[in-house]
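Enquirer: For reference, the structure I am asking about is given below.
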Amino acid sequence: MIRVILFAAANCALMAQQVKYGVPVKEGPMDSLRLKDYRPDSSLVVAKTKVTMARFPVIDAHSHASMSGIKTRADVDAWVKTMDETGIEMSVVFTETAGAEFDKLADLFLKSYPKRFQVWCGMDTRDIDAPGYPERVVRELERCYRKGARGVGEITDKGWGLQSSEEGALPRAKRLRLDDARLDPFWRRCAELNMPVNIHIADHPSCWKPLGPNQERTPDFQGFNLYGKDVPSYEELLATRDRMLDKHTRTTFIFCHLSNVGNDLAALAKTMDRYANMYVDIAARDYEIGRQPRSARAFLERYRGRVLFGTDMGRERSMYEGWWRLLETADEYIPGRIWWPYYGLELRDDTLKSLYRETALKVLNFQ
Ligand SMILES: [Zn+2]
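Residues 17 to 383 (the working numbering) are what the sequence shown spells out, left to right.
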């Protein structure tokens, strides 16, 4: 009897000791480490190239006044100084506003530096059920155009609709979607005024997966998670994009963050092949590009003329330098924002020129 119990206990201990890849895994202090505190130091000794200035002049087609903390003329001056030091010729600033708020920002940027900034307006999404909304939203667009807006952005639908967010979310049927017929005159007018539109549709696909042991992105991103929330699926949101593109072939649509399909560049390529007026920017998707440098380079070469450079991460000098290192060098194992270290793409000069500036010169309105 005793022998049986001893045998069972020994068996239990064996079962508790995990074996991975043929090596026993022992218990230790790392078992109680919190995921968000995990910051491994790398022992890898490889080239670390500092690129302070972009190799060619750059038009940053995705930035925000709010995220860049711009309130005064002095803030704008400081931004221009950083742009000079890093090689940014012009920044496109998404104000995401209309009305008086837009006018204020337009004055702030355009009166001081009309050649260094473009300001883009938002969309009036108040009272969309009121009669006359389709005409009203167009009238405000025209007014913003006269005030200096040369594009519209960033227009966002992460599932809560174009006019709302999780806080104060409207019932699903009330949420305005990209393919809503009430917006048809607006998209048409954007084409007539030659105003490109920057759209954030859906979000990174990991947002629709549970927060837990299999969640792809770090805890820093959990605030964006949508799993189990009252939103359409990732696929349903992308379908609103496609239905809008089906209807509006003359409007220039730039889907930011690689249209949130940067995890599957083959799928993105298929959609881009289908819609000639579809463009993307790479803003805030350093991690998608950096974790698949060969696929990303092939994509950027093949879709030259369809991809714009954008940052979307404030206006720190080190942020710009990080982009130049990623796109221009062959550095390996570059510390990244998620778990994934990045690998430099070492883009060819013609691809770089197109990404940095030439595509923007073709797509943006400089009138
Ligand atoms: Zn943005």
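C-beta atoms are modelled at their ideal positions from N, C-alpha and C, and glycine is treated no differently.
Since the structure is predicted, the reported quantities are computational estimates derived from the model, not experimental observations.
#1: Suppose contacts are defined by Cβ-Cβ distances below 9 Å. Is Leu7 in contact with Leu363 by that definition?
#2: If you count every other CB in all the chains shown that lies within 10 Å of the CB of Gly167, and 16 or more means buried, which is it?
#3: Lys64: buried (16+ other C-beta within 10 angstroms of its C-beta) or exposed?
#4: Would you call the CB atoms of Gly395 and Arg333 closer than 9 Å?
#5: Nearest to Ile86 by alpha carbon, out of Pro45, Glu170, Glu101, Arg331?
#6: So what does DSSP say about Asp196, is it helix, strand or coil?
#7: State the beta-bridge partners of Phe110 as determined by DSSP.
#8: Skipping 5 residues on each side, what residues in its chain have a beta carbon closer than 7 Å to that of Val96?
#9: Considering only DSSP beta bridges, list what Lys36 is partnered with.
#10: From what residue to what residue does the beta strand (DSSP E) around Leu269 run?
#11: Taking 8 Å as the cut-off, is the beta-carbon of Cys272 closer than that to any non-hydrogen atom of ligand 1?
#12: Please report the Cβ distance between Met106 and Ile75, rounded to the nearest whole angstrom; I am assuming they are in contact, meaning their Cβ atoms lie under 8 Å.
#13: Is the beta carbon of Ala299 within less than 8 Å of some heavy atom of ligand 1?
#14: Which of the three DSSP states is assigned to Phe382 in this structure?
#15: Who sits around ligand 1, taking every residue whose Cβ is closer than 5 Å to one of its heavy atoms?
#16: Going by beta carbon distance, what residues of the same chain come within less than 8 Å of Gln33, once the five residues before and after it are set aside?
#17: Spell out the partners DSSP gives His264 in its beta bridges.
#18: Are the segment 232–246 and the segment 266–276 touching by the rule of at least three beta carbon pairs closer than 8 Å?
#19: Please specify which runs of the beta strand (DSSP E), each continuous and at least 3 residues long, are wholly inside the segment 119–194, giving them in chain order.
#20: Relative to the C-alpha of Ala282, which residue among Arg310, Arg152, Leu368 is closest?
#21: Taking the alpha carbon of Arg322 as the reference point, which residue from Thr256, Met83, Leu284, Val67 has its own alpha carbon closest?
#22: Comparing C-alpha positions only, which one of Tyr54, Tyr336, Thr267 sits nearest to Ser84?
#23: Tell me the DSSP bridge mates of Asn214?
#24: As a quick exercise: from Gly306, Arg204, Glu348, Met69, pick the residue whose alpha carbon is nearest that of Pro150.
#25: Taking the alpha-carbon positions, what's the Phe382 to Gly164 distance?
#26: Quick check on DSSP: helix, strand or coil for Glu348?
#27: On the criterion of 16 or more Cβ atoms from any shown chain inside 10 Å, does Arg301 qualify as buried, or is it exposed?
#28: Buried or exposed: Tyr37, going by 16 or more other Cβ atoms within 10 Å of its Cβ?
#29: Are there three or more Cβ pairs, one per stretch, closer than 8 Å when the segment 286–296 is compared with the segment 342–356?
#30: For the segment 174–186 and the segment 228–237, state whether three or more C-beta atom pairs, one from each stretch, are separated by less than 8 Å.
#31: Excluding the 5 residues preceding and the 5 following Leu380 in the sequence, name in chain order all residues of the same chain whose CB lies nearer than 8 Å to its CB.
#32: Tell me the DSSP bridge mates of Met294?
#33: Output needed for Ile354: all residues of its chain with C-beta closer than 6 Å, excluding positions within five of it in sequence on either side, in chain order.
#34: My output table needs one value for Tyr54: the three-state DSSP class, helix, strand or coil.
Expert: Checking against the coordinates, here is how it stands:
#1: With the chain covering only 17 through 383, there is no way to say anything about residue 7.
#2: buried
#3: exposed
#4: Residue 395 cannot be examined here, being either before or after the span of the chain that is shown, 17 to 383.
#5: Arg331
#6: coil
#7: His80, Trp136
#8: Tyr129, Arg132
#9: Val39
#10: First, the residue type needs correcting, since residue 269 is Phe and not Leu in the sequence shown. 269–271 is the extent of the beta strand (DSSP E) around Phe269.
#11: yes
#12: 5 Å
#13: yes
#14: coil
#15: Glu170, Asp328
#16: Pro40, Val41, Lys42
#17: In the DSSP output, where bridge partners are listed per residue, His264 has none listed.
#18: no
#19: 133–136, 168–173
#20: Arg310
#21: Leu284
#22: Tyr336
#23: Ile270
#24: Arg204
#25: 10 Å
#26: coil
#27: buried
#28: exposed
#29: no
#30: no
#31: Ile75, Ala77, Val108, Gln134, Arg166, Gly167, Pro212
#32: Phe269
#33: Arg233, Thr234, Tyr303
#34: coil
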